[in-house]
Amino acid sequence: MSRRHDFGNADALWRRPKALYLLGGGWILFVCWFVGSLAGLDKRIVNNRPFLVRSQDSDIYSQQVLLKIPAAQPDNAVQDITVEVQPSREVLPMSKDFYTSSYNDGDTSTTIIFNVFKGRPKALAVQLMKALTQKSVSPPEVWVMCFNSPMEKKYRHVVDAVKGKYPELAHKVKFTASDFNYKFHGRFLLAYMATTKYVLIVDDDKAIDGDTVRDYLMYMKIQKGVWGNNGHRRASTFEDYKSWPRNFTDESWAEQDYLSGMWFLEQSWLEYFMKERLPSWATSEDMHLSHVMRKYLNLNTYAGRVAIGKTLPRKPKEVQATQGSALDLREFIFDHELGRGNKVASVDSPIETLVYAETVGDIEDYLAKLDTCPSVNDTTVRVDVNRSEILSPWCDGGKTAAVFRGAKEQDVEGLITAAEKLCAKTNCEYFSVKPNIRHGIRYFNMREGYGQTSVEIPFQTGASDVIMSLVGILNNVLPKTLFVPDVDSMVWPETDLTKRNRLQIYHQTVLLAVDIHRNSKTNGKAIDGKVKDEWLITDDFPSEMETLIWSRGSKKMDPIPYSS
């Protein structure tokens, strides 16, 4: 019975569909193939050890594996490919209601802004009439700003009278009053709300004529930038300081460090006026405007022969804005923005070497390395080309200055003290003066963090701030060498639990700033040469700057060159 039962089961099995056997056989073959593949992979790993994906390689590895991008080929197999790009702009839905800075090349629309406080009412009347009768351009919008002025009623009366004289243009004139004094910066902030292509901002004691807007537009075609008719160009000595137009007799226009009294620019550029915190509400809106235009847009400041010799009824001397302690404050603000990446228009920096520092120990270590160099009278000397021995690169650094972030988590006072020692040792101090105050330039404090002290600045904000400031400093100084400390074996004593690897992040930030600097054309300076006040347009890239990464504590190990 048992055998008969077994035979019966076998007979039943043979009677099942053949498809099941085919499926089972296929599954067995797949398993065998899969196991063999794993064995082959293991062999390849063993034969090509080490199979390690470092953190700095992780982005490349993820692109190759996850995105299935082919691995890089040997140098002799790589060919440059020119990417085909046809620029286009997004077509926005309801585009008329979106902000846009797109205007036609021939658009002459302008908003003229007057700021009044204690100036002569008659002067405002003259300004308004000239503003409403501009020639060869579309009729401008005219705004009058009156912030907490004791003469508000008189100014309103003037505005109403001018509107009555030009009834067809009365709708173009707007009067804005406030019982709070927004001072000099308020007009620039409100100008950001203008809907014209250009803005012209005018002090209450500055005259314009009927061709002012047209003339500025002609200059703007020569060179884009911030334009005015009264400028200041700093120098290394008091004697060489110049003001426009007094010290420029033969030029039609010239680059300036900043302007006073009148500013003509494209309205959309004012977005960058508040890109970083203003150093003071008391003064220096003129310096700040020129600074941010250079730093964020590579747009320089120029003065031209516009409305030259035109006068207005003078306002009382006691109400003139910049006097007394404000002059001292302006110099400290100029120092502040020099560390933030401002360019001085015509002062060539004598500094040949910059040392980036995160800690006081970085500068002290660099000073210790200088102590090993030959010196005369405690000042590091250059390498004699006739000497047979080869000295370390810091021994041939010449005038050397430190640059640091100046963030709230750093020992800023200690960094300043150490930076001043470094400058004194290498005799790096130089000046950029406007009579009659002189502050020495001995280091560059970037003051990272936009002035914020009550909130933790996230890495992306702080790093982008450092990039912008450092690129500006490199462009202004144009050093031959930049030293950056190696941070691989260093750990920051982190107090913010939301951050880690601070030193490594800012190390990479500095190197990115170096790459940007090397691959950007230099924003040149105004140079006094054989041709008086010839404006030198520098077409060269600063590719000759050498970046060296040095290790702290080692006096014998040479720094490692960084290449982009």
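The opening position of the sequence shown corresponds to residue 1 in UniProt numbering, with each subsequent residue numbered one higher. We put the beta carbon where it would ideally sit given N, CA and C, even for glycine. It should be emphasised that the depicted structure is a prediction, and the values quoted were computed from it without experimental measurement.
How big is the Cα-Cα spacing for residue i and residue j?
i           : j    : result
K480        : S464 : 24 Å
F273        : L289 : 6 Å
H507        : L259 : 37 Å
residue 565 : A526 : One cannot answer for residue 565 here, as it falls past the ends of the chain, which runs 1 to 564.
L327        : P279 : 14 Å
G406        : F98  : 38 Å
Q223        : S520 : 19 Å
S102        : A513 : 30 Å
T498        : K130 : 58 Å
M545        : T522 : 12 Å
N476        : R120 : 41 Å
V403        : E337 : 13 Å
G529        : F248 : Confidence is the limiting factor: at G529 the pLDDT is only 46, short of 50, which leaves the residue's position unreliable, though a coordinate-based value still follows. Roughly 14 Å between the two C-alpha positions.
G462        : P93  : 34 Å
F147        : N181 : 5 Å
R314        : A123 : 8 Å
D209        : N229 : 12 Å
S236        : G440 : 10 Å
R234        : E168 : 45 Å
A307        : W281 : 29 Å
E429        : D558 : 27 Å
A207        : L200 : 12 Å
A170        : I112 : 14 Å
W244        : D540 : 28 Å
P458        : K242 : 42 Å
V412        : V487 : 19 Å
residue 573 : F238 : Nothing in the structure corresponds to residue 573, since the chain is present only between 1 and 564.
T509        : M218 : 40 Å
S252        : L312 : 23 Å
D496        : Q410 : 13 Å
T547        : R500 : 26 Å
V491        : R502 : 8 Å
I549        : S454 : 33 Å
Using the beta-carbon count (16 or more within 10 Å), is residue i buried or exposed?
i    : result
R187 : buried
E276 : buried
G451 : exposed
T133 : exposed
A10  : Reliability fails at A10, whose pLDDT of 43 lies under 50, so the model's placement of it is uncertain and the value that follows must be treated cautiously. It is exposed - the Cβ of A10 has fewer than 16 other Cβ atoms within 10 Å.
L265 : buried
K295 : buried
K221 : exposed
G309 : exposed
K118 : exposed
R438 : exposed
S554 : exposed
D426 : Position check: residue 426 holds Thr in this sequence, whereas Asp was assumed. By the neighbour-count rule (16 or more Cβ atoms within 10 Å), T426 is buried.
I333 : buried
G106 : exposed
T380 : Below a pLDDT of 50, predicted positions are generally treated as unreliable, and T380, at 49, falls in that range; no measurement from the model is reported.
Our contact map puts residue i next to residue j with C-beta atoms below 8 Å; I'd like the distance itself, whole angstroms only.
i    : j    : result
F483 : Y562 : No, F483 and Y562 are not in contact; Cβ-Cβ is about 10 Å, not under 8 Å.
R214 : K96  : The Cβ separation is near 28 Å, so there is no contact.
V116 : D204 : 5 Å
T176 : P140 : Not really, about 16 Å apart at Cβ, beyond 8 Å.
G472 : N342 : 6 Å
S551 : R518 : With 8 Å as the limit, S551 and R518 do not qualify as a contact, their Cβ atoms being about 23 Å apart.
F184 : V144 : That pair is no contact at about 15 Å.
L128 : A191 : Actually they do not touch by this definition, with Cβ atoms about 17 Å apart.
Q267 : H232 : The pair is not a contact, with the Cβ atoms about 24 Å apart (cut-off 8 Å).
E448 : V466 : 5 Å
A357 : L415 : 6 Å
R330 : M287 : 7 Å
G397 : T353 : 4 Å
V355 : T400 : 6 Å
T100 : S138 : Going by Cβ atoms, the distance from T100 to S138 rounds to 18 Å, so no, they are not a contact pair.
Name the DSSP bridge partner or partners of residue i?
i           : result
P561        : L548
S102        : DSSP output for S102 lists no bridge partner at all.
E255        : Y302
residue 566 : What the structure shows of the chain is the stretch from 1 to 564, and residue 566 is not part of that stretch, so it cannot be assessed.
S178        : F147
W227        : F264 and Y302
S243        : H232
E141        : T111
V484        : I549
T82         : None; T82 has no bridge partner.
With a threshold of 8 Å, are at least 3 pairs of Cβ atoms found where one atom belongs to the segment 343-363 and the other to the segment 303-317? Not touching, per the Cβ criterion.
Touch test, the segment 148-156 against the segment 191-203, Cβ-Cβ under 8 Å, three pairs minimum: As far as the Cβ criterion goes, the segment 148-156 does not touch the segment 191-203, which means the pair count is below three.
Is it the case that the segment 441-448 contacts the segment 410-423, given that we only count it when at least three CB pairs across the two stretches are under 8 Å? Yes, the segment 410-423 is in contact with the segment 441-448.
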